Amino acid sequence: MISEAYSSKKRITKTVPLQSDLVVVGGGLSGVCAAITAARSGLKVTLLQDRPVLGGNASSEVRLWSLGATSHMGNNNRWSREGGLINEILLENLKRNKEGNPLIFDTVLLEKVYEEKNITLLLNTAVYDVEKGDDNKVKTATAFCSQNSTTYVASAPLFCDASGDGIIAFMSGASFRMGAETKEEFDEGFAPNIKDYGNLLGHSLYFYTKDVGKPISYTAPSFAIKNAEELPRIKNFQLGDHGCKLWWVEHGGRLDTIHQSEDIKFELWKVVYGIWDYVKNSGKYPEAANLTLEWVGTIPGKRESRRFEGDFMLTQKDIVEQRDYYDAVSFGGWAMDLHPADGIYSKHNSCTQWHGKGVYSIPYRCYYSKNIDNLFLAGRIISASHVAFGSSRVMLTCAHGAQAVGEAAVICKEEGLLPRDIASKGNIGKLQLALNRNGQSIPRLSLQDIDDLAVKANIEASSTLAFSGFAATDDWQILKFGLAQMVPLKANETYSFEFVVDALEATNLELQLKSSSACTHFTPDVIIDKKEIDLQKGKQKITFTTTKTQAQDHYSFFCLMKNEKVKVRLSDERITGLMTVENKVNKAVSNFGRQDPPAEINVDSFEFWTPERRPKGKNIALKMSTPIPIFKVDNLKNGEVRPNSNGSTNAWVANIADKTPTLDLKWHDKVGIKTIKLFFDCDYDHALETTLMGHPEDIIPFVVADYKIKDSSGNIIKEVTGNYQAINTIELDQAISTDKLTFEFVKKEEHIPVSVFKISVYNQTL
Numbered sequence: 000m001i002s003e004a005y006s007s008k009k010r011i012t013k014t015v016p017l018q019s020d021l022v023v024v025g026g027g028l029s030g031v032c033a034a035i036t037a038a039r040s041g042l043k044v045t046l047l048q049d050r051p052v053l054g055g056n057a058s059s060e061v062r063l064w065s066l067g068a069t070s071h072m073g074n075n076n077r078w079s080r081e082g083g084l085i086n087e088i089l090l091e092n093l094k095r096n097k098e099g100n101p102l103i104f105d106t107v108l109l110e111k112v113y114e115e116k117n118i119t120l121l122l123n124t125a126v127y128d129v130e131k132g133d134d135n136k137v138k139t140a141t142a143f144c145s146q147n148s149t150t151y152v153a154s155a156p157l158f159c160d161a162s163g164d165g166i167i168a169f170m171s172g173a174s175f176r177m178g179a180e181t182k183e184e185f186d187e188g189f190a191p192n193i194k195d196y197g198n199l200l201g202h203s204l205y206f207y208t209k210d211v212g213k214p215i216s217y218t219a220p221s222f223a224i225k226n227a228e229e230l231p232r233i234k235n236f237q238l239g240d241h242g243c244k245l246w247w248v249e250h251g252g253r254l255d256t257i258h259q260s261e262d263i264k265f266e267l268w269k270v271v272y273g274i275w276d277y278v279k280n281s282g283k284y285p286e287a288a289n290l291t292l293e294w295v296g297t298i299p300g301k302r303e304s305r306r307f308e309g310d311f312m313l314t315q316k317d318i319v320e321q322r323d324y325y326d327a328v329s330f331g332g333w334a335m336d337l338h339p340a341d342g343i344y345s346k347h348n349s350c351t352q353w354h355g356k357g358v359y360s361i362p363y364r365c366y367y368s369k370n371i372d373n374l375f376l377a378g379r380i381i382s383a384s385h386v387a388f389g390s391s392r393v394m395l396t397c398a399h400g401a402q403a404v405g406e407a408a409v410i411c412k413e414e415g416l417l418p419r420d421i422a423s424k425g426n427i428g429k430l431q432l433a434l435n436r437n438g439q440s441i442p443r444l445s446l447q448d449i450d451d452l453a454v455k456a457n458i459e460a461s462s463t464l465a466f467s468g469f470a471a472t473d474d475w476q477i478l479k480f481g482l483a484q485m486v487p488l489k490a491n492e493t494y495s496f497e498f499v500v501d502a503l504e505a506t507n508l509e510l511q512l513k514s515s516s517a518c519t520h521f522t523p524d525v526i527i528d529k530k531e532i533d534l535q536k537g538k539q540k541i542t543f544t545t546t547k548t549q550a551q552d553h554y555s556f557f558c559l560m561k562n563e564k565v566k567v568r569l570s571d572e573r574i575t576g577l578m579t580v581e582n583k584v585n586k587a588v589s590n591f592g593r594q595d596p597p598a599e600i601n602v603d604s605f606e607f608w609t610p611e612r613r614p615k616g617k618n619i620a621l622k623m624s625t626p627i628p629i630f631k632v633d634n635l636k637n638g639e640v641r642p643n644s645n646g647s648t649n650a651w652v653a654n655i656a657d658k659t660p661t662l663d664l665k666w667h668d669k670v671g672i673k674t675i676k677l678f679f680d681c682d683y684d685h686a687l688e689t690t691l692m693g694h695p696e697d698i699i700p701f702v703v704a705d706y707k708i709k710d711s712s713g714n715i716i717k718e719v720t721g722n723y724q725a726i727n728t729i730e731l732d733q734a735i736s737t738d739k740l741t742f743e744f745v746k747k748e749e750h751i752p753v754s755v756f757k758i759s760v761y762n763q764t765l
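First residue of the sequence shown? That's 0 in numbering that gives the first Met the number 0, and the numbers climb one at a time after it.
Laid out in structure tokens, this is it:
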């Protein structure tokens, strides 16, 4: 029993001090990735999250799918899914939760944090105060947990604000912006007309419905709107839409999206329950008779509030021109995506999206405050203009950048540095190398890893695929859209392509060989060669021999232009670094086959050639007259872990008939080995939305599931079965000394050869 007499003095809640190396505020995908990255390298991390679950907008509380540079596979950003830790999380979620249950994704995130013993996780714990050690540093963050009535005072030499609204950065006095800049400030043609379009993006609130198999009545609450049929956005509603397909149920861009967030939420509740009243009781949706509301969000998904200033500010031209900077640590590729401030009440389109031709780099200088010396920034609050934020704000882009923050914190701790110190040209390479070792894939950045023993090895393979085409199957595709086979080709060389078509009647088929105007993207905006073929009715073999050549090594597009009277023969074979794309529409990301923006907004016009998701998206049964050597073993040593636009697959691929391919790494003398890393093909082109969408498979079929590693004496160092991750890191209990490593792989997929992007070997624990 506890009994305490009356006290005339105010009682205070239990107070617990917390000391760590890094305090991360915010448990969305950004905060989670920053915390885990730092913790895995030995830092003691305190992770404060003001909600009962992790994930932020991706959690079961909001239920927004996670997206980034792949943009629902609706843009030209080939092989652009974010790598490293966030990719590990996505692949874990795919394995357990290919149907996209947001509750399961909650557990995936919670487990990842729970397994890191260096992380102290506090849920339902909101930061409300900051103490500064001096004018330019944060000393402590004070937070209160509503569930255990405890106050926590978190101290650390380093802080990371991933809170979405920037509570630490704001209270510590960091400079920030909120709302849209003028067109003139950064020469941004896409900057909105603030008076008409508005300053801020609003919040969205989702709902789910369920068919219970019998008629269900519905009486709306008194606060529900009564005029849902008058909403400009109601035309977007289709029966059966639920979850984040209702992103257009948006409001609040004309309000203070921080301090009026609860008002915005209540207005969205009015709208949601009013929409459902209209659906159930207007008589216009008789097929909704058996539907009931299963779930309505209790907190809205917030898009925009404060953005804090770093030593660099990302702007529209960085995105449109794919500018690269010396301190690139992450990348983005979502469209510049702005929404009218009036949201669901607006007369404007629900959103305006303009895509870049390719992915863009994000400099490290965007990820720390230019005023507060020990404060990192992560998530949507990083240093960006309103227009650039329209692209960088999406969750996978945020999470990917947060990995850079976590790794930077490690270097700060190890070398006694502050965040700005790492931005120096003498230090940034350390961060970039650490990130790329873990699959960050910083675009267009070539780094030498002098500690990687594999680079010094001679590599021999049991077989190597010399690509000369795909084996035909009895599967055909009508050319409802232009269809292109992507193949890496060399500059100043001609090629011959052979394939089979079936014409439904005599017709004409146009063939084009396209490439890209720059090595920064995969947009087929240059026609290298073309030819028109007269077809007779029926099946016939076609040969297209180029007479013109491309000016640079690049991925090229052998295009069969749209003709619905023609079918082309396909293949069941799928090979790393090779794929088909179509000149088709993806309305979800404002892709209508091409974009032609107004000239004054300074965004490029171009065509979209985008992939189909498996099991669609088969390769053309194409034959090439001369095999092309695009899968050589030396690719394993070039440091790249995905194809890039300069025409390199960056992969070794075994012959498709080789069921147990092997790789031998040989050194002249014995080397000490403690760590081995393998990088497999997890199909970085496939968007892995975390919720709602669902996926046809729980394991990416290109990933090697089973393999053994042996030393020069044939001893098994490691045997792996059932792998589904892109990166396998093997830390040996004891270092070994050997002059040879043998990797024995098992081919599981009949039509997919074994492939590997990279093998790294180190004599120390990383």
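Built from N, CA and C at the ideal position, the CB exists for glycine as well. Computed from a predicted structure; not experimentally measured.
Between the alpha carbons of Glu413 and Ser423, how many angstroms are there, rounded?
16 angstroms
Under the three-state DSSP convention, the category Met623 falls into:
strand
Let me know the secondary structure DSSP gives Glu504 once reduced to three states.
coil
Is the Cβ-Cβ distance between Gly82 and Gln439 less than 8 angstroms?
yes
My assumption, with CB atoms under 8 angstroms, is that Pro487 sits in contact with Gly638. Please give the rounded CB distance.
Wrong, their Cβ atoms sit about 17 angstroms apart, outside the cutoff.
Looking only at DSSP bridge pairs, what is Leu807 linked to?
Outside the displayed range of the chain (0 to 765) lies residue 807, so it cannot be described from this structure.
4 or more residues per run - each alpha helix (DSSP H) lying fully within the segment 526-613
none
Residues in the same chain with beta-carbon distance under 6 angstroms from Gly355, minus the five sequence neighbours each way, listed in chain order, please.
Ile318 and Val319
Burial state of Gln535 (16 or more Cβ within 10 Å)
exposed
Please list the terminal residues of the continuous beta strand (DSSP E) segment that includes Met335.
Met335 to Leu337
List the DSSP bridge partners of Ala153.
Leu17 and Ala140
Spatial neighbours of Thr648 within its chain, please: CB distance less than 8 angstroms, with the 5 preceding and 5 following residues excluded, ordered by chain position.
Pro487, Thr575, Gly576, Leu577, Ile629, Phe630, Asn634 and Pro642
Roughly how far, in whole angstroms, is the beta-carbon of Ile758 from the beta-carbon of Leu677, given that I think they are within contact range, below 8 angstroms?
6 angstroms
For Ser203, which residues does DSSP report across the bridge?
Glu249 and Gly300
Restricting to Cα atoms, I'd like to know which of Ile627, Cys397, Thr181 and Ser390 is closest to Asp552.
Ile627
C-alpha distance - Pro442 paired with Ile600, whole-angstrom precision
26 angstroms
Return helix, strand or coil for His399, following the three-state DSSP convention.
helix
In this structure, how does DSSP classify Phe701 when only helix, strand and coil are distinguished?
coil
Can you list, in chain order, the residues of its chain whose CB lies under 7 angstroms from that of Asp341, leaving out five sequence neighbours each side?
Gly197, Gly252 and Arg253
DSSP three-state label for Asn649, please.
coil
Using a threshold of 8 angstroms, state whether the C-beta atoms of Ala125 and Asp20 are closer than that.
no
Closest by C-alpha distance to Lys213, when choosing among Asp326, Leu245, Asn289 and Leu432
Asn289
What's the call for Gly73, buried or exposed, on a 16-neighbour Cβ count within 10 Å?
buried
For Asp160, count neighbouring Cβ atoms within 10 angstroms of its own Cβ and tell me buried if that reaches 16, exposed if not.
buried
From this set, Leu765, Lys673, Ser461 and Leu84, which residue's C-alpha is nearest Ala34's C-alpha?
Leu84
Mapping the DSSP letters down to three states, classify Met485 as helix, strand or coil.
strand
Within this structure, are the beta carbons of Lys530 and Gly481 separated by less than 8 angstroms?
no
To the nearest whole angstrom, what separates the beta carbons of Ala223 and Tyr284, a pair I think is in contact under 8 angstroms?
Contact flag wrong, Cβ pair sits at about 16 angstroms.
Under the three-state DSSP convention, the category Val386 falls into:
helix
Check whether the Cβ atoms of Gly201 and His250 sit closer than 8 angstroms, and answer yes or no.
yes
For the alpha helix (DSSP H) that Ala33 lies in, which residues bound it at each end?
Leu28 to Arg39
Just to confirm, are Lys746 and Thr659 a CB contact at a threshold of 8 angstroms?
yes
Would Gln237 be called buried (16 or more neighbouring beta carbons within 10 Å of its own) or exposed?
exposed
Buried versus exposed, by CB contacts within 10 Å (16 or more), Thr12:
exposed
So is Gln511 buried or exposed if we call it buried at 16+ other beta carbons inside 10 Å?
buried
Excluding the five sequence neighbours on either side, which residues of its own chain have a C-beta within less than 7 angstroms of the C-beta of Trp294, listed in chain order?
Phe206 and Tyr207
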